[in-house]
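Q:
2 protein chains.
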Amino acid sequence: MAKRSDVTRTRLSRDAIIVSAVSLADAEGLEAVTIRRLAQEHGVTPMAMYWHFNDKDSLLDGLAEYLMTAVRLPAPGDGPWDERLRAVLHAFLEAIRPHPAFAGLALRRILAAEAGLQLAERVLDLLRQAGFAAGKAAEVGTFLMCAIVALVASDPTPGPWPADDDRDQLVRDKRARLASLPPERYPNVIAAGPALVVCRDSDEYFALNLDLLVQGVRGIQRG
Amino acid sequence: MAKRSDVTRTRLSRDAIIVSAVSLADAEGLEAVTIRRLAQEHGVTPMAMYWHFNDKDSLLDGLAEYLMTAVRLPAPGDGPWDERLRAVLHAFLEAIRPHPAFAGLALRRILAAEAGLQLAERVLDLLRQAGFAAGKAAEVGTFLMCAIVALVASDPTPGPWPADDDRDQLVRDKRARLASLPPERYPNVIAAGPALVVCRDSDEYFALNLDLLVQGVRGIQRG
DNA sequence: GCCGTCTCATGTACGTCGTACAGTTGTCGA
DNA sequence: TCGACAACTGTACGACGTACATGAGACGGC
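Protein chains in written order, with the working numbering: chain W, 1 to 223; chain E, 1001 to 1223.
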């Protein structure tokens, strides 16, 4: 593995750690992100991490912050509020979508990062424009962000881990399990079968349910 | 602590373990649910757990199944599909709401339990009635369930753990952090402040966003 | 040139976790 | 009475997060 001890041995840095934690989580899942593992990948003692992070939890904070910082908010511009809301939520979605393994970390940490505050500010602003009172806007806004996180975390398609063979096997098993259900009790589940275990088209899945959310906001706004 | 070794010392059972795991998670959070801790509460060796569960993951499966089994689906009845959809989603929400600590476990395990299949069947059935094709129904249905989970997991109000004092302190800190933001950059965040860190009225929060979801389904159904 | 001081990393050690593997008990039908 | 099987014990291992004490390199001031 990429020990830094060969030749270059640059200084450890908080950002470098985060970056390798990100790719580790993407490649092997969040449970593979370990103080010891990260230290090893940087050719360094586990305890060296504690110079840059108070504890593991603040490392996870760092991961969440990484997510939020990746959000590319659209220019404030004009146009109907619902289209702009959709654009903002879409930006959030696109930022976390590449990292389903730890998107869930953002759930409780959005407001902890600068970038998250900006996102929240934009969402709340648009909701106010739509006519929501401050309290309602907060409630709806909170849920919208969490729903976006749930959207990417819920993509049933498994990530690159575990190994290819095991993953295929898992998918096959799940499919078989659904297919072998009693058809008179679960006709719709069986009909939906394949779509439930793997997303045939993530883009469509995300777009459809993003629409659902925005239309939902319009729905409750009217009364 | 409730050691079973006094007098009664009944046989260990899968259900009994699940039940104590549930109350442990409710009281101290999911990370307090530990093979060793559960064994101790039943006055038994950790390894005794492995007679009833393959491994910790299947214990968590059991927790998720517990959630799904708690769903009290309304009678199929008649009426507009959207009202019935709301009722079904509400039933799901009410089932998991008492257990925010491990509601997230249900995300990937809904279809693993009998009760989850029934819930999914009902949701898909209603979506088909609403005019969605099988594929779309699967995508929307999947997201709706996940969104409900996210709804209860996102209630920012912290649970009964950590200890009261620490919890109050945490809430105070968060509030102070939001209040001290530059008002010209984050007017809406500051205005929404209190509502963002703690839910003043969970019932309203849930009802509002449940409406959002149902209205959203109506919105994308029309075109 | 020498020397505190500050930054960053090491080394050792502890307690907790999940769990593999082998052995022991209690119960019960034949 | 006796095996067979179900339920549980005992010991041990490796991985985890991290407390605490120590050590090295850089750097500005004397």
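Backbone N, C-alpha and C fix where the C-beta goes; we use that ideal spot for every residue, glycine too.
Identify whether residue 105(W) lies in helix, strand or coil by the three-state DSSP scheme.
A: Taking the first sequence and counting its residues from 1, one reaches residue 105(W) at position 105. Helix.
Q: Going along chain W, which residues have a C-beta under 7 Å from residue 1135(E)?
A: As a working note, residue 1135(E) is residue 135 in the second sequence. Correct list: 195.
Q: Between the C-alpha atoms of residue 1026(E) and residue 77(W), what's the straight-line distance to the nearest angstrom?
A: Taking the first residue of the second sequence as position 1, residue 1026(E) is located at position 26. Taking the first residue of the first sequence as position 1, residue 77(W) is located at position 77. Approximately 46 Å, taken between the alpha carbons.
Q: Leaving out five residues before and five after residue 1032(E) in sequence, what residues of the same chain have Cβ atoms less than 8 Å from its Cβ?
A: Here residue 1032(E) is taken as the residue at index 32 of the second sequence, counted from 1. Answer for residue 1032(E): 1024, 1025 and 1161, listed in chain order.
Q: Would you say the region 1167-1184 of chain E touches the region 1110-1120 of chain E, given that touching needs at least three Cβ pairs under 8 Å?
A: Cβ pair count under 8 Å is below three, so no.
Q: Any beta-carbon of chain W closer than 9 Å to the one on residue 1212(E)?
A: Taking the first residue of the second sequence as position 1, residue 1212(E) is located at position 212. Yes, because at least one Cβ of chain W sits closer than 9 Å to the Cβ of residue 1212(E).
Q: So which residues of chain E does residue 154(W) contact, with C-beta pairs closer than 9 Å?
A: Looking up residue 154(W) in the first sequence gives position 154. Ordered by position in chain E, the residues that pass the 9 Å Cβ test against residue 154(W) are 1107, 1108, 1142, 1143, 1145, 1146, 1147, 1149 and 1150.
Q: I'd like to check one pair, residue 100(W) with residue 155(W): are the Cβ atoms closer than 9 Å?
A: Here residue 155(W) is taken as the residue at index 155 of the first sequence, counted from 1. Here residue 100(W) is taken as the residue at index 100 of the first sequence, counted from 1. Going by C-beta atoms, residue 155(W) is nearer than 9 Å to residue 100(W).
Q: Kindly indicate which residue of 1151(E), 1084(E), 1199(E) and 1035(E) has the alpha-carbon position closest to the one of residue 1127(E).
A: Along the second sequence, read from residue 1 onward, the residue named residue 1127(E) stands at position 127. Of the candidates 1151(E), 1084(E), 1199(E) and 1035(E), the one whose C-alpha sits nearest the C-alpha of residue 1127(E) is 1084(E).
Q: For residue 184(W), does the three-state DSSP call read helix, strand or coil?
A: Reading the first sequence from its first residue, position 184 is the one you call residue 184(W). Residue 184(W): coil per DSSP, three-state reduction.
Q: Does the distance from the C-beta atom of residue 1070(E) to that of residue 1096(E) stay below 9 Å?
A: Taking the second sequence and counting its residues from 1, one reaches residue 1070(E) at position 70. Taking the second sequence and counting its residues from 1, one reaches residue 1096(E) at position 96. Yes, they are a contact pair.
Q: Check the Cβ of residue 1035(E) against every Cβ in chain W and list those closer than 9 Å, keeping chain order.
A: Residue 1035(E) sits at position 35 when you count from the first residue of the second sequence. Under the 9 Å cutoff, chain W gives no residues; its nearest Cβ is about 16 Å from residue 1035(E).
Q: Which word fits residue 947(E), buried or exposed, when buried means at least 16 other C-beta atoms lie within 10 angstroms of its C-beta?
A: Any question about residue 947(E) goes unanswered here, given that chain E covers just 1001 to 1223.
Q: If you draw a straight line from the C-alpha of residue 1029(E) to the C-alpha of residue 197(W), how long is it?
A: As a position in the second sequence, residue 1029(E) is number 29, starting the count at 1. As a position in the first sequence, residue 197(W) is number 197, starting the count at 1. About 29 Å.
Q: Cβ of residue 218(W) less than 9 Å from any chain E Cβ?
A: Within the first sequence, residue 218(W) is the residue found at index 218, counting from 1. With 9 Å as the cut-off, residue 218(W) counts as an interface residue toward chain E.
Q: Rounded to whole angstroms, what's the CA-CA distance from residue 1192(E) to residue 222(W)? Just pull it up for me.
A: Here residue 1192(E) is taken as the residue at index 192 of the second sequence, counted from 1. Here residue 222(W) is taken as the residue at index 222 of the first sequence, counted from 1. Cα to Cα, residue 1192(E) sits roughly 21 Å from residue 222(W).
Q: If the cut-off is 7 Å on Cβ atoms, which residues from the region 1110-1133 of chain E count as contacting chain W, listed in chain order?
A: Result list: 1111, 1117, 1120, 1121, 1124, 1125 and 1128.
Q: What do you reckon, are the CB atoms on residue 214(W) and residue 82(W) nearer than 9 Å?
A: Numbered from its first residue, the first sequence carries residue 214(W) at position 214. Numbered from its first residue, the first sequence carries residue 82(W) at position 82. Yes, Cβ-Cβ distance for residue 214(W) and residue 82(W) is below 9 Å.
Q: Is residue 154(W) helix, strand or coil when you go by DSSP?
A: As a first step, residue 154(W) must be located in the first sequence, where it is residue number 154. The answer is coil: DSSP assigns residue 154(W) none of H, G, I, E or B.
Q: Can you give me the C-alpha to C-alpha distance between residue 1017(E) and residue 1064(E), rounded to a whole angstrom?
A: Residue numbering aside, residue 1017(E) sits at position 17 when the second sequence is read from its first letter. Residue numbering aside, residue 1064(E) sits at position 64 when the second sequence is read from its first letter. Residue 1017(E) and residue 1064(E): Cα-Cα distance of roughly 14 Å.
Q: Per DSSP, what kind of secondary structure is residue 77(W) in: helix, strand or coil?
A: As a first step, residue 77(W) must be located in the first sequence, where it is residue number 77. In the structure shown, residue 77(W) sits in coil (DSSP, three-state: anything other than H, G, I, E or B).
Q: Going by CA-CA distance only, name the one from 14(W), 86(W) and 50(W) that's closest to residue 217(W).
A: Counted from its first residue, the first sequence places residue 217(W) at position 217. The shortest C-alpha separation from residue 217(W) is found at 86(W).
Q: State yes or no: is the beta carbon of residue 174(W) nearer than 9 Å to at least one beta carbon in chain E?
A: Numbered from its first residue, the first sequence carries residue 174(W) at position 174. So, interface residue.
Q: Is the beta carbon of residue 195(W) closer than 9 Å to that of residue 1116(E)?
A: Along the second sequence, read from residue 1 onward, the residue named residue 1116(E) stands at position 116. Along the first sequence, read from residue 1 onward, the residue named residue 195(W) stands at position 195. In this structure, residue 195(W) does not lie closer than 9 Å to residue 1116(E) by Cβ.
Q: Determine, using beta carbons only, whether residue 1093(E) and residue 1206(E) come nearer to each other than 9 Å.
A: As a position in the second sequence, residue 1093(E) is number 93, starting the count at 1. As a position in the second sequence, residue 1206(E) is number 206, starting the count at 1. Yes; because the gap between Cβ atoms is below 9 Å, this pair is in contact.
Q: Please decide whether residue 94(W) counts as near chain E, where near means a Cβ-Cβ distance under 9 Å.
A: Here residue 94(W) is taken as the residue at index 94 of the first sequence, counted from 1. No, residue 94(W) lies away from the interface with chain E (no Cβ there is under 9 Å from its Cβ).
Q: Consider the Cβ of residue 1192(E): report whether some Cβ of chain W lies at a distance smaller than 9 Å.
A: Within the second sequence, the letter at position 192 stands for residue 1192(E). Residue 1192(E) counts as touching chain W.
Q: Using a Cβ cut-off of 9 Å, pull out every chain W residue sitting near residue 1181(E), in sequence order please.
A: Translated into the one-based positions of the second sequence, residue 1181(E) becomes position 181. By Cβ distance, chain W contributes 117.
Q: For residue 1049(E) and residue 1038(E), which I take to be in contact (beta-carbon distance under 8 Å), what is that distance rounded to the nearest angstrom?
A: Taking the second sequence and counting its residues from 1, one reaches residue 1049(E) at position 49. Taking the second sequence and counting its residues from 1, one reaches residue 1038(E) at position 38. The pair is a contact, with the Cβ atoms about 6 Å apart (cut-off 8 Å).
Q: Got a sec: which bits of the region 1027-1054 of chain E sit with their beta carbon under 8 Å from any beta carbon on chain W, in order along the chain?
A: Answer set for the region 1027-1054 of chain E: empty.
Q: Measure from the C-beta of residue 80(W) to each C-beta in chain E and report whether the shortest distance is under 9 Å.
A: Locating residue 80(W) in the first sequence gives position 80, counting from the first residue. Not an interface residue.
Q: Is there a Cβ of chain W sitting closer than 9 Å to that of residue 1187(E), yes or no?
A: Sequence index remark: in the second sequence, residue 1187(E) carries index 187 (1-based). Yes, because at least one Cβ of chain W sits closer than 9 Å to the Cβ of residue 1187(E).
Q: Report the CB separation of residue 107(W) from residue 1153(E) in whole angstroms; it is logged as a contact under 8 Å.
A: Along the first sequence, one-based indexing puts residue 107(W) at 107. Along the second sequence, one-based indexing puts residue 1153(E) at 153. Rounded, the Cβ-Cβ distance is 7 Å, consistent with contact.
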